[in-house]
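S.K.: Here our numbering = 1-based position in the sequence shown + 23.
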Amino acid sequence: MILGIVGSPRKGKVTDQLITKCLEGVEKAGSEAKKVYLIDYPLQSWSEKTKLPEELDQLWVEAEGYIIGAPVYWGSISGLAKDFMDTAKIADVNGKYGLGIAVAGGTGRGLCSGIQTIYRFFYHRKIRAVYPTPVSRFNLQRILSTINDTSRRVAELSRKKNPFEGDQDRMEYYENLQYLNYTYLDEMLLLADQLIEVSPDNPKLSSAKQEYDSAISMIGQGKRKDAIKHAVDAYNMLFFDPPKT
């Protein structure tokens, strides 16, 4: 069974939609899928006496793999998702597979620091995490079109645990995962790149591309501080407000 965990307090919104898509992919792979909404459980912040509700703890232990989705608030994941991570039973999950999705609305900022929080949890629990998935408004449609296949692969991998041999093995593995070493600058460039992709008709597109390319060039020259202005300018040229609801 693959456990899909919705770490958003709002049902039916983007995080929930992405987990739903993921579990469709899991079922296409012929695996059992189970979705849980953390908001349905009386979770508490960690203390020496705090435990997950028994049903949720049992699902955590029994699952062959995990898909965790959480919204991003002020650069980190929801407190709801973090409370789950802090209080989940310390069980032998070494080598089980995990996929994390961090959803940053509005400006999109925090999508990388959010995904890093989820994958640090996976790291410390010795879960063999794959395919870090930071999501903003700007790449959402692309992610929705691909996450089904991504989760299908997670389900296929999860049929056999692949335990880490030790700390060195685990650290070497996690060092190679995308986005986990991204700084504020790297995140800004990622967002600028997403905006470039979805702004083919924007009259400022050419200028934004020039700023983006300048930032990349300066980083290549070791001038990261000088690259910041160009990255910010590229982002600001193409940024658009979310539609009013």
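Note that CB positions come from ideal geometry on N, CA and C, so glycine has one too.
If you scan the segment 180-229 from start to end, which runs of the alpha helix (DSSP H) of 4 or more residues do you find wholly inside it?
M.R.: Fully enclosed alpha helix (DSSP H) runs of 4 or longer: 190-198, 207-220.
S.K.: Whose C-alpha, out of Met211, Arg33, His253, is nearest the C-alpha of Asp236?
M.R.: It is His253 whose Cα lies nearest to the Cα of Asp236.
S.K.: Please name the residue, chosen from Lys51, Ser70, Ile28, Asp216, that lies closest to Tyr89 on a Cα-to-Cα basis.
M.R.: Minimum Cα distance to Tyr89 is reached at Ile28.
S.K.: Going by DSSP, what residue range makes up the alpha helix (DSSP H) through Ile141?
M.R.: Element bounds for Ile141: 134-147.
S.K.: Is Ala231 helix, strand or coil when you go by DSSP?
M.R.: If DSSP states are grouped into helix, strand and coil, Ala231 belongs with the helices.
S.K.: Hey, could you find the ends of the alpha helix (DSSP H) Val255 is sitting in?
M.R.: 247-261 is the span of the alpha helix (DSSP H), which, as asked, contains Val255.
S.K.: If you reduce the DSSP assignment to three classes, tell me which class Ala111 lands in.
M.R.: Correct three-state label for Ala111: coil.
S.K.: In whole angstroms, what is the alpha-carbon distance linking Glu87 and Arg151?
M.R.: Using only the alpha carbons, I get a separation of about 12 Å.
S.K.: Contact defined as beta carbons within less than 8 Å: I believe Arg175 pairs with Ala52. What is the distance between those atoms, to the nearest angstrom?
M.R.: Right, the Cβ-Cβ distance comes to about 4 Å (below 8 Å), so this counts as a contact.
S.K.: Would you list, in sequence order, the uninterrupted beta strand (DSSP E) runs of no fewer than 3 residues that lie entirely inside the segment 83-129?
M.R.: You should have 88-96, 120-127.
S.K.: Whose C-beta lies closer than 8 Å to the C-beta of Leu167 among residues of the same chain, with five residues either side of it excluded?
M.R.: Correct list, in chain order: Gln40, Leu41, Lys44.
S.K.: Tell me whether Lys119 is buried or exposed, calling it buried when 16 or more other Cβ atoms sit within 10 Å of its Cβ.
M.R.: Its Cβ being crowded by 16 or more others within 10 Å, Lys119 is buried.
S.K.: Are there three or more Cβ pairs, one per stretch, closer than 8 Å when the segment 172-191 is compared with the segment 47-62?
M.R.: The answer is yes - the segment 47-62 touches the segment 172-191, with three or more Cβ pairs under 8 Å.
S.K.: Using a Cβ-Cβ cut-off of 7 Å (strictly less than) and excluding sequence neighbours within five positions of Ile242, which residues of its own chain qualify?
M.R.: Only Ala250 meet the Cβ criterion.
S.K.: Among Arg165, Met24, Asp106, which residue has its Cα nearest to the Cα of Ala56?
M.R.: Of the candidates Arg165, Met24, Asp106, the one whose C-alpha sits nearest the C-alpha of Ala56 is Met24.
S.K.: Taking 6 Å as the cut-off, does the CB of Leu167 come closer than this to any heavy atom belonging to the ligand GTP?
M.R.: In the structure shown, the ligand GTP is absent, as is every other ligand, since no ligand is present at all.
S.K.: For Ala111 and Arg132, I'd like the C-alpha separation in whole angstroms.
M.R.: Each residue's Cα considered, the two are about 28 Å apart.
S.K.: For the alpha helix (DSSP H) that contains Gly27, what are its first and last residues?
M.R.: Counting along the chain, Gly27 falls outside any alpha helix (DSSP H), though it belongs to the beta strand (DSSP E) covering 25-29.
S.K.: Since Lys20 is in the beta strand (DSSP E), which residue starts that stretch and which ends it?
M.R.: Nothing about residue 20 can be read from this structure; the chain reaches only from 24 to 268.
S.K.: What residue range does the alpha helix (DSSP H) around Thr156 cover?
M.R.: Where Thr156 is concerned, there is no enclosing alpha helix (DSSP H), although the beta strand (DSSP E) it sits in stretches over 151-159.
S.K.: So, are the CB atoms of Asp106 and Ser54 less than 7 Å apart?
M.R.: No, Cβ-Cβ distance for Asp106 and Ser54 is not below 7 Å.
S.K.: What are the start and end residues of the alpha helix (DSSP H) that includes Asp39?
M.R.: Its alpha helix (DSSP H) spans residues 37-51.
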